[in-house]
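Q: Under this note's numbering, the first residue of the sequence shown carries the number 5, and numbering increases by one thereafter.
Backbone N, C-alpha and C fix where the C-beta goes; we use that ideal spot for every residue, glycine too.
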Amino acid sequence: MDVELTVNGRRRHVDADPCRLLVRTLREDLGLTGTNVGCLTGDCGACTVEIDGQTAKSCSVLTGSAAGSEITTLEGVAGPDGELDAVQRIFWEEFAFQCGYCLPGMILVTEELLRREGEITDADITLALNGNLCRCTGYMPILRAVRRCVDEARAGAGSAGVTEHQEPA
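(1) Nearest by alpha-carbon distance to G42: which of V81, D19 and N136 is it?
(2) Nearest by alpha-carbon distance to L117: which of A50, P22 and V154 is it?
(3) Suppose you measure from the CA of V18 to the CA of D89; what does that come to, to the nearest Å?
(4) Could you round the C-beta distance between T76 and V113 to whole angstroms and report it? I think they count as a contact, below 8 Å.
(5) Tell me the DSSP secondary structure of V11 in three-state form.
(6) Going by Cα to Cα distance, which pick from T45, V11 and P22 is closest to T37?
(7) Would you identify the three-state DSSP class for E98, choosing helix, strand or coil?
(8) Is T52 near G109, with beta carbons less than 8 Å apart?
(9) Of the residues R120, T39 and S64, which one's Cα is nearest the Cα of V81?
This is the structure in structure tokens:
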């Protein structure tokens with residue numbers, strides 16, 4: 005069945021079973037392998053994408069239910085020439101990943117978090133990252149990177165929403 009998806013700003017037609025998992029359609033039909041397959045139960049976050057501006061675990065979304073939606077994968081976060089966006093750059097500079105398997109969830113959740121209005125505390129960051137597993141870093145570099153993303157985004161926007169940085173316990 006022909007399913008129309010808008011992925012990373014590009015309209016795509018895919019001959020796919022509408023009951024197929026979106027993660028499979030993205031990876032196998034569209035070649036977007038930045039969306040990883042981890043648990044296939046919605047627990048690890050490796051398959052995270054944005055659907056209409058909200059993060060979702062693509063292993064828990066049927067392709068047919070995503071038809072007509074705007075989908076952003078990890079590949080869609082970088083600039084048009086492949087340059088890293090601010091979140092990706094900060095994760096790189098903070099050594100916030102080792103193997104990179106968790107990056108789709110960590111990056112896209114951070115992008116979503118930065119669109120929030122008002123103050124973003126360390127507790128908000130921890131809550132936002134809940135459900136995104138990393139088996140390599142012990143989370144401290146990731147938490148540090150997200151805090152820096154928030155602080156730099158708020159400083160660049162002239163927002164009063166920046167809080168004192170405190171190392172998570």
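A: Reading off the structure:
(1) N136
(2) Looking at the Cα atoms, V154 is the closest of the given residues.
(3) 28 Å
(4) No, T76 and V113 are not in contact; Cβ-Cβ is about 12 Å, not under 8 Å.
(5) strand
(6) V11
(7) coil
(8) yes
(9) For the residues R120, T39 and S64, the minimum Cα distance to V81 belongs to T39.
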